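Heads up, the sequence shown is in this note's numbering, so the first residue is 4 and it goes up one at a time. Comments concern the structure below.
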Amino acid sequence: NYASGATRRVGYAIPQSQRVTRLVRNIGKLLTDDLTVEPDRHEALTKLHVVRHLARVGSNSRLELWISSKDALFARGLCQSSTLLIALAPAAGSLLRQWPANRFVELGIWLQQTYRCKILIIGRNTDRGLCAQIGDSLDSSKTVNLAGKTTLGQLSAILMNSSLFIGSDSGPMHMAAAAQVPVVALFGPGNIRRFSPWKTRSEVLSLGLFCSPCSENCIFDRPYCMDISVEAVKNAVSRLKAATATFGTDA
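And the structure:
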């Protein structure tokens, strides 16, 4: 930034059409290279555009995860069986982005009965209650609640060993995409064009309500945009299974 003394400061200034405070808008004046913001361009390309502005890089835009040998060893301890592993991430950065817990329970029961899979429930320490609520309703012999029990490296290694990820518009969803895991992403207020799973086989589910995407100042008494049916998610899982040869075996 400007205070660092950097001779080049590359970034995106706030468009004049966007309503922000004067302080935020003036930050753009500190840039030496003011790049043009393209509305609805995927965030991966937006960030890559900055890198390409500064240096010549290849055309590969895939995301990557880096793990240590200790991370890999941690994951092998959980994922060493031949059982199909499916990761569920029920939490999100905002409550408005979360799919209802009872629907995760219904889906989890179906997954365990249909695919005889082990379900790994992932989340932060603050998600323990939500994840326990879901995990306690599933087959305990085929469920591992990892909420608050992994580092980012360990979580990355676990996702690399998973066959499928199902979750809301969240950080773990993007990590799963970077791990090249098939993803079922549940979108409500988020911008699908900017934040959909990048460069991995995926099914993105959204009701496409007139108010989506939004700033998350919901105009209703609850986020109706997250009323995606369990049946819709089941169908998405089935489509991914049909398209992915290594994804599981029916019971």
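We put the beta carbon where it would ideally sit given N, CA and C, even for glycine. Just so we're clear, the structure is a prediction, and the values are computed from it rather than from any experiment.
Exposure of residue i, with buried meaning 16 or more beta-carbon neighbours within 10 Å
i	result
Leu41	Before going further, note that residue 41 is Glu rather than Leu in the sequence given. Classification for Glu41: exposed.
Ser171	buried
Thr154	exposed
His177	buried
Phe223	exposed
Thr39	exposed
Ala94	buried
Arg182	In the sequence under discussion, the amino acid at residue 182 is Ala, which differs from the Arg named in the question. Ala182 is buried by the Cβ-count criterion.
Gly193	buried
Tyr118	buried
Collapsed DSSP secondary structure at residue i in the structure displayed
i	result
Asp264	With the chain covering 4 to 254 only, the question about residue 264 has no answer from this structure.
Ala282	For residue 282 there is no data in the structure shown, the boundaries of the chain being 4 and 254.
Thr10	coil
Ser241	helix
Leu81	helix
Asp253	With a pLDDT of 39 at Asp253, under the threshold of 50, the modelled position of this residue cannot be trusted, and the question is left open.
Val207	strand
Residue i beta carbon near the ligand SAM (any heavy atom closer than 6 Å)
i	result
Ser165	Among the ligands in the structure shown, none appear at all, so the ligand SAM cannot be discussed.
Cβ-Cβ separation, residue j to residue i (assumed contact under 8 Å), whole Å
i	j	result
Leu167	Val184	7 Å
Leu87	Cys120	4 Å
Leu114	Ile122	6 Å
Open item on the list: Pairs of beta-carbons, one from the stretch 54-67 and one from the stretch 87-100, closer than 8 Å: are there three or more?
Closed with: Flag = no, the stretch 54-67 and the stretch 87-100 do not touch.
Open item on the list: Under 8 Å, with one C-beta from each stretch per pair, do the stretch 118-134 and the stretch 34-54 reach the 3-pair mark?
Closed with: Three or more beta-carbon pairs separated by less than 8 Å are not found between the stretch 118-134 and the stretch 34-54, which leaves the two stretches without contact.
TODO: Any chance you could list the alpha helix (DSSP H) runs of at least 4 consecutive residues sitting entirely within the stretch 45-76, in chain order?
DONE: With a minimum length of 4 residues, the continuous alpha helix (DSSP H) runs that stay inside the stretch 45-76 are 46-57.
- [ ] Could you pull out every unbroken alpha helix (DSSP H) segment of at least 4 residues lying fully inside the stretch 144-203, listed in chain order?
- [x] Listed in chain order, the alpha helix (DSSP H) runs fully inside the stretch 144-203 are 155-163, 174-181, 195-198, counting runs of at least 4 residues.
Open item on the list: With three or more C-beta pairs closer than 8 Å as the rule, is the stretch 69-85 touching the stretch 104-117?
Closed with: Contact between the stretch 104-117 and the stretch 69-85 is absent, because fewer than three Cβ pairs lie under 8 Å.
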